[in-house]
Amino acid sequence: MDDFASALDAARAQEDLGVSFVDGRYIPGIHDPSFIKSHPGNGDSILDTRFSTAKTIFDALSTAKHTYSRRVWRNVTPAEKRAVLLRFATAIKQNAHRLATLDSLEMGKTISDATQDAHISAALITYYAESIDKWFSRKAVTASNSLAYNTFEPRGVIGAIVPWNYPTCNAALKIGPSLAAGNSIVVKPSEHAYLSTLLLAELAHESGVPPGVFNVVTGTGETSGQQIASSTLCNMITFTGSHATGKRIMGYSAASNGKPMLMECGGKNASIVMPDMKDDIESLAERIVAESFANQGQLCVASSRLLVHRDVAANMTEALCSAVRTRVPGSPLDPSSTFGTIVNGRERDRIVARIALAKEHGARCLVDPSHEVIERPGSYLNPVIFDRVDPDSDLAQVEVFGPVLAITQFNDVDKAISIANGTEYGLSAAVWTNDFKAIKRFASELNVGKLQIRADPTSTSTHGFSLGSEPMGASGFGVEFGMDALNSYSRLMSVELAG
Ligand code: NAD
Numbered sequence: 118m119d120d121f122a123s124a125l126d127a128a129r130a131q132e133d134l135g136v137s138f139v140d141g142r143y144i145p146g147i148h149d150p151s152f153i154k155s156h157p158g159n160g161d162s163i164l165d166t167r168f169s170t171a172k173t174i175f176d177a178l179s180t181a182k183h184t185y186s187r188r189v190w191r192n193v194t195p196a197e198k199r200a201v202l203l204r205f206a207t208a209i210k211q212n213a214h215r216l217a218t219l220d221s222l223e224m225g226k227t228i229s230d231a232t233q234d235a236h237i238s239a240a241l242i243t244y245y246a247e248s249i250d251k252w253f254s255r256k257a258v259t260a261s262n263s264l265a266y267n268t269f270e271p272r273g274v275i276g277a278i279v280p281w282n283y284p285t286c287n288a289a290l291k292i293g294p295s296l297a298a299g300n301s302i303v304v305k306p307s308e309h310a311y312l313s314t315l316l317l318a319e320l321a322h323e324s325g326v327p328p329g330v331f332n333v334v335t336g337t338g339e340t341s342g343q344q345i346a347s348s349t350l351c352n353m354i355t356f357t358g359s360h361a362t363g364k365r366i367m368g369y370s371a372a373s374n375g376k377p378m379l380m381e382c383g384g385k386n387a388s389i390v391m392p393d394m395k396d397d398i399e400s401l402a403e404r405i406v407a408e409s410f411a412n413q414g415q416l417c418v419a420s421s422r423l424l425v426h427r428d429v430a431a432n433m434t435e436a437l438c439s440a441v442r443t444r445v446p447g448s449p450l451d452p453s454s455t456f457g458t459i460v461n462g463r464e465r466d467r468i469v470a471r472i473a474l475a476k477e478h479g480a481r482c483l484v485d486p487s488h489e490v491i492e493r494p495g496s497y498l499n500p501v502i503f504d505r506v507d508p509d510s511d512l513a514q515v516e517v518f519g520p521v522l523a524i525t526q527f528n529d530v531d532k533a534i535s536i537a538n539g540t541e542y543g544l545s546a547a548v549w550t551n552d553f554k555a556i557k558r559f560a561s562e563l564n565v566g567k568l569q570i571r572a573d574p575t576s577t578s579t580h581g582f583s584l585g586s587e588p589m590g591a592s593g594f595g596v597e598f599g600m601d602a603l604n605s606y607s608r609l610m611s612v613e614l615a616g
C-alpha cells in the first residue's frame, strides 16, 4: 500500500526544520517560485521548495574553512574519528526508513530500493570509519642519519555537488572519505532531491561530528552549485552528475582558484554477450534486465547498450523482451513496487523524445513505451528495448539516463571492442563469457574504469567497497571507492629531515 500522506508529512516536517544545515544547526531558506516540486508517483505538488540563500552558502563555506583552519576535526584522534563515524553509520541504519521515504517521495525510486540505498550508505560510512587507522603513507630509504617520508594532508574545504539519482548513497560516497581524510565538507544535493542529505547532516551532528565540519546547502546548480564551485573558500570540488555540468564546473574552478576536482560524470556503458553463453540465455537476460533497468535506468553504471554476438542475438533478444515485460512501474512508495518512476515529468518527456528520435533514425523498437503507463499522473515510463541500433546513432552515442536499452549485434571480439570503445565515455562495461582468451582481450582493451566479467556492474558483492576505480573520457576523472578514495581527498606531502 502506498503511504503518500505520511511520506508527505515527513517531508514537510523535514523541510520545516530548515533547508541548510550549517555550523550544527538548520537554517531556513527562501522560497523559489520558479521551481515546482511534485511527487513523481502521482503528480501532486509536495513542497514549497525553499532553498539556501547566497549568504547561507557563504556562511557554510566560511564555517567549513574556520573549522578546518582551527583543526577542529583534523586534530581529533583517529580512534575518536572512527568512533564518531561508526556512530554516524549506526544512525543511518536506524533512520533508513526516514531517509528512504524522503528519497522515494522526491525522486521516485521504489521505497525498497531507497531503503537498500540507506543501508549501503551506512556500510560506506562504516568502510571509511574503519579505514582511518589502516591508511598510511610511505617512508623513503635514506642514509641512516636522515629521514624522508610522505604524509597525507587533508585538502581543506571540500565542496560536494551531487545528483538526484541516488541522493543518500551519492552523498555518503563523498562524505565518508572526505571526513575520514580529515577535511571539512559542504554538500549541495540536487534541487530535485535534497531532504535526505539534510537529515544525514543532522545525524552526523548528533553522532559527534563537530559543528561546521559537515554542512549542507540547497538550491539549483546555476545558483548554489555555481557559488560553491566558484568560491575561493573551497579547496576541492567533488562532483557527480552529467558531463555537460562537469565541464561547466571545471570552468568555474579555472576562473577562481584552480581548485582540484574529482569528476564522476555519465556513461554509455556496454554489456557484451559472447556466443558461449548460449545455454544460459534466460537467466542472463534476467540479470541484464535487472542491471540495465536498475533505478529505472537512472544509474550511471547501468548498461544502456547491449552488444550481443549474432549467434545468440535472436534468443537473447526474445528473452530480454519477455523479462522486461515483467517490470511493471508501480507507485514508488508502495513496498510491493519493483519499478518506480522517472525523476520528474520534464525528464520523462525528454526520454520519450529520445525514443521517438531513435525510431526516426531506423532503430527497431521491440518494447515500446506504453501509452497507458505514460498517461498515469506522475512521471511513469516502462522499460523500452531497441534492436538494430546503429553504433554511431544518437541512441548509441548519447546518454539517455532512463529505461532504454539499445541492442547492437557483433561478429567477433574485435568488433565488440571497437563498438564498446566507440563513444566519448569510459565509465563501466560488463562482459558475459567463459572464454578465457576473450576475457583477457576485453580486460586489456576496453576503455573503462570499471569492468565486470560475468558479474552485474551494479553489484559490489565480490569486494564490498574495497576497489577504487577511475573513469575516463567524458565520464570524468579521479578515484572513488576503496582506500584509494582517501588519496583523492588528500594532498601528498613529502617531509625530509637531514642528518
Ligand atoms: P546534473 O549534472 O544536472 O546535476 C548534478 C548536480 O550538479 C546537481 O546538484 C545540480 O544542481 C548541479 N549543477 C547543475 N548545474 C550546475 C552548475 N552550472 N554549476 C554547479 N552545479 C551545477 O546531473 P543530474 O541530472 O542531477 O544527474 C544525472 C547525471 O549524473 C547523469 O549524466 C549521470 O550519468 C550522472 N551520474 C554519474 C555518476 C558517476 O559516478 N559517474 C553517478 C550518478 C549520476
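Just so you know, the sequence shown maps onto residues 118 to 616 in the numbering used here.
Don't be surprised by glycine CBs; every beta carbon is placed ideally from N, CA and C.
Taking a cut-off of 8 Å for Cβ pairs, the region 351–361 and the region 376–390 touch, as three or more such pairs fall below it. Secondary-structure assignment with DSSP links Tyr143 through a beta bridge to Phe138. By the Cβ criterion, the region 248–261 is not in contact with the region 320–333, since fewer than three pairs of Cβ atoms, one from each stretch, lie closer than 8 Å. Ranked by Cα distance from Asn159, the options Arg188, Asp149, Ala124 and Thr166 are led by Ala124. Counting of Cβ neighbours within 10 angstroms places Gly368 among the exposed residues, the total staying below 16. Counting every other CB atom within 10 Å of its CB across the protein chains shown gives Pro150 a total below 16, marking it as exposed.
Relative to Leu522, the option among Ile472, Thr337 and Leu315 whose CA is nearest is Ile472.
In the same chain as Arg442, and ignoring 5 residues on each side of it, the C-beta atoms closer than 8 Å to its own belong to Val484, in chain order. Taken in chain order, the unbroken stretches of beta strand (DSSP E) that lie wholly in the region 347–412 and span 3 residues or more are 353–357, 378–381 and 386–390. The ligand NAD approaches Asn287 closely enough that one of its heavy atoms is under 8 Å from the residue's Cβ.
Inclusion of Ala591 and Gly519 in the CB contact set at 9 Å is not warranted, their separation being larger than that value.
When the beta-carbon positions are compared, Glu223 and His148 stay at least 9 Å from each other. Excluding residues up to 5 positions away in sequence, Arg272, Ile275, Lys376 and Pro377 lie with their Cβ nearer than 6 Å to the Cβ of Met353 in the same chain.
Nearest to Ala547 by alpha-carbon distance, out of Thr194, His426 and Ser388, is Ser388.
C-alpha of Ile536 to C-alpha of Leu203: approximately 44 Å in a straight line. In this structure, Thr550 has its beta carbon at no less than 8 Å from each heavy atom of the ligand NAD. Relative to the ligand NAD, Lys256 has its C-beta separated by 8 Å or more from all heavy atoms.
Three or more pairs of CB atoms, one per stretch, sit closer than 8 Å, so the region 334–342 contacts the region 136–146. Gly299 is not a Cβ neighbour of Val460, given a cutoff of 9 Å. Boundaries of the beta strand (DSSP E) harbouring Leu483: Arg481 to Val484, taken from the DSSP string.
Restricted to the region 487–517, the alpha helix (DSSP H) segments that are unbroken, complete and at least 4 residues in length are 488–491 and 511–514, listed in chain order. Counting C-beta pairs closer than 8 Å gives three or more between the region 491–511 and the region 524–539, which meets the contact rule. Relative to the non-hydrogen atoms of the ligand NAD, the Cβ of Ile366 comes within a distance shorter than 8 Å of at least one. Assignment of Leu164 by DSSP, reduced to helix, strand and coil, places it in the strand class.
For Phe527, the secondary structure class from DSSP, reduced to helix, strand or coil, is strand. For Glu613, the three-state secondary structure derived from DSSP is strand. If you ignore the 5 residues before and after Lys256, its C-beta comes within less than 6 Å of the C-beta of Tyr266, all in its own chain and listed in chain order. The criterion of a C-beta distance shorter than 9 Å is satisfied by Asp220 and Thr285. At least 9 Å separates the beta-carbon of Asp428 from that of Asn551. CA-CA distance, Asp176 to Lys554, rounds to 57 Å. Taking a 10 Å sphere around the C-beta of Gly595, we find 16 or more other C-beta atoms and assign the residue as buried. For Met600, the CB contacts under 8 Å within the same chain, skipping 5 residues up- and downstream, are Ser248, Lys251, Trp252, Ser583 and Gly585 in chain order. In the DSSP assignment, Thr268 forms a beta bridge with Met610. Val201 and Val326 have their C-alpha atoms roughly 7 Å apart.
Counting along the chain, the unbroken alpha helix (DSSP H) around Phe559 starts and ends at Phe553 to Glu562.
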